[in-house]
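Residues 1 to 139 (this note's numbering) are what the sequence shown spells out, left to right.
All residues carry an ideal CB built from backbone N, CA and C; glycine is no exception.
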Amino acid sequence: DAARKAEFSERGLAFAADVSLFAAAWVLILKAIDPALPVLHNEKGAMLTVALTGIFILYQAFFSCEGRASLGKSLFGLRVADSHGEPLDLTRAVVRSLTYLPSSIFTLGFFWALVDPHGRAWHEGLRTLERPGAIQLEH
């Protein structure tokens with residue numbers, strides 16, 4: 001069975017599910033540190049955000065290579081593959097995951113997929129990669 005390019009909505013919802021896991025962890029950790037303090041007033045929030053962002057990048061890289069899928073992608077039957085339908089290796093998955101950071105600026109990099117002729121977000125279409133990664137559905 002041939003894989004097909006996932007729809008923007010499927011990709012967005014899968015990413016939102018993954019981000020939600022880390023947002024929940026952020027709240028739970030800050031509440032564990034000081035249950036009486038509102039989480040947005042906790043001075044450790046910024047430091048925890050940086051740490052969880054790093055862990056999120058590693059999580060995305062690990063689950064975007066060698067045919068694995070993150071929890072969010074699993075919910076929608078998605079996997080990350082290159083333009084030939086092959087799984088990414090770890091190096092390409094790390095580069096792809098690191099580019100979530102510029103893609104996240106005002107979410108412009110994600111919404112770019114709506115205007116890109118190939119439907120690629122910034123983190124999917126890096127020209128520095130031999131074959132740009134693309135999220136495809138598994139059949």
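When only Cα atoms are considered, E7 and L48 end up about 32 angstroms apart. Looking from the CA of R96, the closest CA among I105, D82 and F106 belongs to D82. Along the region 36-103, the beta strand (DSSP E) occurs as fully enclosed runs of 3 or more residues at 78-82, listed in sequence order.
Shown here, R4 sits in a strand according to DSSP, grouped into three states. With a cutoff of 9 angstroms on beta-carbon distance, A36 and L71 are scored as not near each other. By the CB criterion at 9 angstroms, L13 and L75 fall inside the cutoff. Following the DSSP letters along the chain, one finds F106 in no alpha helix (DSSP H), marked with neither H nor E.
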